[in-house]
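K.L.:
Okay, so the sequence shown: first residue is 0 according to numbering that gives the first Met the number 0, each after it adds one.
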Amino acid sequence: MSHRGPVRVADRHAFHTLIDARSPAEYALDHIPGAINCPVLDDDERRIVGTIYKQQGAFEARRVGGAMVAANLARHLRERFADQPASWKPLVYCWRGGMRSGSMVTWLRLVGWDAQQLAGGYKAWRRHVIDRLAELAPQLPLRVICGPTGSAKTRVLQALAARGAQVLDLEACARHRGSVLGAWPGVEQPSQTAFETALLHALEPFDLQRTMYVEAESSKIGRLAVPQPLVQRLRASPCIEIGASVPARLDFLLRDYANLGDDPALLARQLGVLRELHGKQVIARWQEWAQAGALAPLFAELVALHYDPLYARSQSTHLHQWATRHTLASDDLSAAGIDDLATQVLALDDAPAPGSAKA
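(1) With contact counted as at least three CB pairs below 8 angstroms, one residue from each stretch, are the segment 155 to 166 and the segment 251 to 270 in contact?
(2) Identify whether I31 lies in helix, strand or coil by the three-state DSSP scheme.
(3) Does D19 come out as helix, strand or coil in the three-state DSSP assignment?
(4) Between the alpha carbons of L90 and R45, how many angstroms are there, rounded?
(5) Please name the residue in H175, A136, S102, W321 whose C-alpha comes closest to that of M211.
(6) Give me the Cα-Cα distance between T153 and P5, rounded to the nearest whole angstrom.
(7) Taking DSSP as the reference, what is the three-state secondary structure of P89?
(8) Less than 7 angstroms between the beta carbons of A20 and C93, yes or no?
(9) With burial defined as no fewer than 16 other Cβ atoms inside 10 Å of the residue's Cβ, what is the status of S315: buried or exposed?
(10) Could you say if the segment 235 to 242 and the segment 192 to 207 meet the contact criterion of at least three C-beta pairs nearer than 8 angstroms?
(11) For D82, count neighbouring C-beta atoms within 10 Å of its own C-beta (all shown protein chains included) and say buried if the count is 16 or more, exposed if not.
(12) Can you tell me the Cα-Cα spacing of A193 and V63, whole angstroms?
(13) Does H325 come out as helix, strand or coil in the three-state DSSP assignment?
(14) Which residues in the same chain as A356 place their Cβ atom closer than 8 angstroms to its Cβ, once the five residues preceding and following it in sequence are excluded?
(15) From this set, T323, I282, Q320, which residue's C-alpha is nearest L304's C-alpha?
(16) Should R155 be labelled buried (16 or more other beta-carbon atoms within 10 Å of its own) or exposed?
(17) Across the segment 306 to 315 and the segment 137 to 151, are there enough close Cβ pairs to call them in contact, namely three or more that are closer than 8 angstroms?
(18) Have a look at L252 and A24 and give me their C-alpha separation to the nearest angstrom.
(19) Cβ of H319 within 7 angstroms of Cβ of R234?
(20) Looking at C-alpha atoms only, which residue of I18, E275, L141 is the closest neighbour of G101?
(21) Along the beta strand (DSSP E) that carries V166, what are the first and last residues, could you check?
(22) With R312 and C238 assumed to form a contact (beta carbons below 8 angstroms), what rounded beta-carbon distance in angstroms separates them?
(23) Since A224 sits in a beta bridge, which residues does DSSP pair it with?
(24) Do G65 and G96 have their CB atoms nearer than 7 angstroms?
(25) Using three-state DSSP, classify L117 as helix, strand or coil.
(26) How long is the line joining the alpha carbons of V48 and R125, rounded to whole angstroms?
(27) Cβ of V166 within 6 angstroms of any heavy atom in the ligand SAM?
(28) Only counting runs of 3 or more residues, tell me where the beta strand (DSSP E) segments fall wholly within the segment 246 to 330, in order along the chain.
(29) When DSSP labels each residue in this structure, what does E25 get in the three-state scheme?
(30) Which of the three DSSP states, helix, strand or coil, is assigned to R232?
(31) By how many angstroms is the C-alpha of L249 removed from the C-alpha of A295?
(32) Less than 7 angstroms separating the beta-carbons of L345 and S329?
(33) Start and end of the beta strand (DSSP E) containing R142?
(34) Report all residues from its chain with a CB closer than 7 angstroms to the CB of K267; omit the five preceding and five following residues, and keep chain order.
(35) Can you tell me which of the three DSSP states N344 falls into?
(36) Specify the secondary structure class of A243 as computed by DSSP and reduced to three states.
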């Protein structure tokens, strides 16, 4: 049955396939989850048509662009869409629901498929992401897992998720560990828009009546900004602190950040960022250790002189329920110790958290 009226973002699940008709570069920057990329103009073609539009006007741009679009659509019909049955219902979008998706929908409908165009295109999706995050954030029943660097917070979150708890892993969405040395080896961070899409995609299936666990993060993770409504909710939520001993933390850091020893020159460069905070002499010493692959003394001083003072200052400032936090002591951050911490975290949820109201 054909869809009546304009197709909105909320209607997208009623279709068999979601097709992003934009260029590969636009798709790579961000796209609606589950969409496949079938460009009507590739990156070079889009640039050529844009130049013609500026230099020679709309008619010439449409004439040249039309031939490119027709060739690309013919290829998609021969290849990507060749096996689709007569009952196939695709939903197509481009940047703002204009000519690119319109031309694809026209051809698919001529074939006999019930193809539809997403009203407003990707821009409508972007508005949906911003609005939904702002709407959901204040309702999230968050418990914030805190602890200084090396407390295995992310691993505790993973252990909670493995037991079926609801976990929002901000660092996984941002592909970054959040600290000055937190870049994932060999992994680029997503664009800001793709980060926000990933956050919504992670949040939408959650049950708002059940506790959700999240790690304490600053408002930026690497170069990405956590959306403000989420930052505000996180800061207002009850806290659970992992009070791990310094030896346990250093032992954990040496295991978990071992990859930093793989590229001594890069590590030394990253430490240079801290020069204004710690002065030339300290940074020179740290950089020497980095170059020599001496991670144990380097991490010991980073924890004592950089991470712990920063943590002590920031938690009470940024987390409004810090004073009433639960603290779970631990001197074992092995896999078994982390599992034990997850058990303790879940046990806390059976009793009401101090100062919290059920969302």
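Where a beta carbon is used, it is the ideal one built from N, C-alpha and C, also for glycine.
P.N.:
Result, derived from the coordinates:
(1) At 8 angstroms Cβ cutoff, the stretches do not touch.
(2) Three-state DSSP puts I31 in coil, outside helix and strand.
(3) Three-state result, D19: strand.
(4) Spanning the two alpha carbons is a distance of roughly 22 angstroms.
(5) Nearest to M211 by C-alpha distance, out of H175, A136, S102, W321, is A136.
(6) Cα to Cα, T153 sits roughly 43 angstroms from P5.
(7) It is a strand residue.
(8) Yes, the Cβ-Cβ distance between A20 and C93 is below 7 angstroms.
(9) The residue in question, S315, is exposed, as its Cβ has fewer than 16 Cβ neighbours within 10 Å.
(10) Taking a contact to require three or more Cβ pairs closer than 8 angstroms, the segment 235 to 242 and the segment 192 to 207 do not qualify as touching.
(11) Counting Cβ neighbours within 10 Å, D82 comes out exposed, since fewer than 16 surround it.
(12) Rounded to the nearest whole angstrom, the C-alpha separation of A193 and V63 is 32 angstroms.
(13) Here H325 sits in strand by DSSP.
(14) Note on A356: pLDDT 47, under 50, position unreliable in the model; no value is reported.
(15) When the alpha-carbon of L304 is set against those of T323, I282, Q320, the nearest one is in I282.
(16) According to the sequence displayed, residue 155 carries Val and not Arg. When all chains shown are included, V155 counts as buried.
(17) A contact exists between the segment 306 to 315 and the segment 137 to 151.
(18) So the alpha carbons of these two residues sit roughly 37 angstroms apart.
(19) Result yes, Cβ atoms of H319 and R234 sit closer than 7 angstroms.
(20) Closest by C-alpha distance to G101, out of I18, E275, L141, is I18.
(21) 165 to 167 is the span of the beta strand (DSSP E), which, as asked, contains V166.
(22) In fact, because the Cβ distance is near 16 angstroms, the residues do not count as touching under 8 angstroms.
(23) Residue pairing from DSSP places A224 in a beta bridge opposite K219.
(24) No; because the gap between Cβ atoms is not below 7 angstroms, this pair is not in contact.
(25) Judged by DSSP in its simplified three-state form, L117 adopts strand.
(26) A direct Cα-to-Cα measurement between V48 and R125 gives close to 25 angstroms.
(27) Absence of the ligand SAM is noted for the structure shown, with no ligands found whatsoever.
(28) Unbroken beta strand (DSSP E) runs of no fewer than 3 residues, entirely contained in the segment 246 to 330, are found at 325 to 329, following chain order.
(29) Note: E25 maps to helix in three-state DSSP.
(30) Reduced to three states, the DSSP call for R232 is helix.
(31) Going from the Cα of A295 to the Cα of L249 covers about 8 angstroms.
(32) No, Cβ-Cβ distance for L345 and S329 is not below 7 angstroms.
(33) Note, R142: beta strand (DSSP E), 141 to 145.
(34) The sequence given here places Ala at residue 267; Lys does not occur at that position. These residues qualify, in order along the chain: Q286, A289, Q290.
(35) The sequence shown places Val at residue 344, not Asn. In this structure, V344 counts as helix in the three-state DSSP scheme.
(36) In the structure shown, A243 sits in a strand (DSSP, three-state: E or B).
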